[in-house]
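Here is the structure we will look at, set down as structure tokens.
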Amino acid sequence: MDSMEGLKQALEYILTPSREIFIVGALIVFLLPILVHFYISQSTPYTALPSILLVGPPGGGKTSLMTLLERGDSATATHTSQVPESIELTVSSDHGATTFREAARIDAPGTHRKFLLVDTPGHGKLRNQHAMTHVASDTLRGIIYMLDAASLEDTLADAAGYLYDVLLALQKRTGAGKTSKTPNAIHVLLAANKLDLFTALPASLVKSNLEAELGRIRKSRSKGLLDSGVGEDEIGSEEQDGWLGAYGSEKFTFGQMREFDIEVDIVGGSVLEGKVDKWWDWISQRI
Ligand SMILES: Nc1nc2c(ncn2[C@@H]2O[C@H](COP(=O)(O)OP(=O)(O)OP(=O)(O)O)[C@@H](O)[C@H]2O)c(=O)[nH]1
Ligand SMILES: [Mg+2]
23 MDSMEGLKQA
33 LEYILTPSRE
43 IFIVGALIVF
53 LLPILVHFYI
63 SQSTPYTALP
73 SILLVGPPGG
83 GKTSLMTLLE
93 RGDSATATHT
103 SQVPESIELT
113 VSSDHGATTF
123 REAARIDAPG
133 THRKFLLVDT
143 PGHGKLRNQH
153 AMTHVASDTL
163 RGIIYMLDAA
173 SLEDTLADAA
183 GYLYDVLLAL
193 QKRTGAGKTS
203 KTPNAIHVLL
213 AANKLDLFTA
223 LPASLVKSNL
233 EAELGRIRKS
243 RSKGLLDSGV
253 GEDEIGSEEQ
263 DGWLGAYGSE
273 KFTFGQMREF
283 DIEVDIVGGS
293 VLEGKVDKWW
303 DWISQRI
């Protein structure tokens, strides 16, 4: 009976117009929508958008490409990136649009899909910390590995070493997913940039140089493991884990990555001259 009485009193108090009740009521009315807004925007994070990752050795033109896609002009001198940066872009599914400028226009016909473009630092000391963590991301739809085709001859070892790490991380991602849910296939675009320079290698040569160097890296890394004193019987699986592509094959080709649901394309272009439409098409198909 006591509790009934208490309830009655409480109800009476609440229903009687008073200053305190009015203030509490007003607070609820004004604050609740704000709290709900923050709750929703927290639980559906920004990163839920599909993402395209820009990686590659320093000076390849990643930040230049991002600036071009964001602002529509490439006339910017960039500096070495230190931290990853993402921007939100929109692709339109309308095939009538032939250039990224048209396709990215908000009033372009067709359906629009948003995605995040993530630029990462290419510097050797920053890549593991910043770039490689994104490779495991669930929202990842594709990786653009961008390199300077004009200076490839000098930077081949570094460029291929980084590419090896990226492809191996993807290969392990597929391998790990086989038992539970298989992650969606990941496409890798090798963007051979700076084709405007006369010293630039054509895309086909960039591809064959990289394949050859990746093969060399694969061989030397597995040899390093043999020499490192790993027990005889452990070598089998350990070595297989670090081996990129078809195990035991003599030559490395990008086609070997298909076995792991990784499709590698190589397309040349030039950010400086605005020749990025093929890369943009590739992105549109991934989103
Ligand atoms: N000739 C020529 N130069 C380019 C092109 N694209 C970019 N560059 C230049 O290459 C330099 C490096 O470009 P960035 O965009 O900073 O390279 P990045 O890949 O972001 O480099 P990190 O941030 O160090 O990883 C800049 O001076 C650009 O102006 C191109 O298509 N042709
Ligand atoms: Mg940069």
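Counting from 23, one number per residue, gives the positions in the sequence shown under the working numbering.
Glycine included, each C-beta is placed from N, C-alpha and C at the ideal position.
- V293 has its CB nearer than 7 angstroms to a heavy atom of ligand 1.
- Between ligand 1 and the CB of N215, the shortest heavy atom gap is smaller than 7 angstroms.
- Contact between the segment 215-235 and the segment 157-174 is present: 3 or more CB-CB pairs across the two stretches fall below 8 angstroms.
- Excluding residues up to 5 positions away in sequence, L169, A171, L174, L212, A214, I288, G290 lie with their Cβ nearer than 8 angstroms to the Cβ of V228 in the same chain.
- Checking the 7 angstroms criterion, the Cβ of G94 is out of range of every heavy atom belonging to ligand 1.
- Contact between G83 and K300 fails: their C-beta atoms lie close to 15 angstroms from each other, not under 8 angstroms.
- Between I109 and F60, the alpha-carbon positions lie close to 21 angstroms from each other.
- Contact annotation: Y184 and P72 have beta-carbon atoms that are not nearer than 8 angstroms.
- Between the beta-carbon of L75 and that of V298 there is about 16 angstroms, and that puts the pair past the 8 angstroms contact cut.
- Under the three-state reduction of DSSP output, T112 falls in the strand class.
- Pairing T85 with H145, the inter-Cα distance amounts to about 13 angstroms.
- In the three-state DSSP reduction, V188 falls in the helix class (H, G or I).
- Counting every other CB atom within 10 Å of its CB across the protein chains shown gives I208 a total of 16 or more, marking it as buried.
- Excluding its 5 nearest sequence neighbours in each direction, S292 has C-beta neighbours in its own chain below 7 angstroms: N215, K216, L217, D218, listed in chain order.
- Taking C-beta separations shorter than 7 angstroms and ignoring five residues to either side along the sequence, the partners of S271 in its chain run Q278, following chain order.
- About 5 angstroms separates the beta carbon of V210 from that of I165, a gap short enough to meet the 8 angstroms contact definition.
- Cβ atoms of R163 and I309 come within 8 angstroms of each other, at about 6 angstroms.
- Sixteen is the threshold: when 16 or more other Cβ atoms of the shown chains lie within 10 Å of the Cβ of V140, as they do, the residue is buried.
- Secondary structure at H152: helix, using DSSP grouped into helix, strand and coil.
- In this structure H156 is buried. Its beta-carbon is surrounded by 16 or more other beta-carbon atoms within 10 angstroms.
- In the displayed model, F276 falls within a helix according to three-state DSSP.
- Here A179 is exposed, its C-beta having fewer than 16 other C-beta atoms within 10 Å.
- Counting the other CB atoms within 10 Å of its CB gives S306 a total of 16 or more, which places it among the buried residues.
- Taking 7 angstroms as the cut-off, one finds at least one heavy atom of ligand 1 near enough to the beta carbon of P143.
- Taking C-alpha positions only, G94 is separated from W302 by approximately 13 angstroms.
- Beta-bridge pairing by DSSP links N215 to D170.
- Of the residues L190, S40, G28, the one whose Cα lies closest to the Cα of I284 is L190.
- Within the model, the alpha-carbon separation for E281 versus L53 is close to 54 angstroms.
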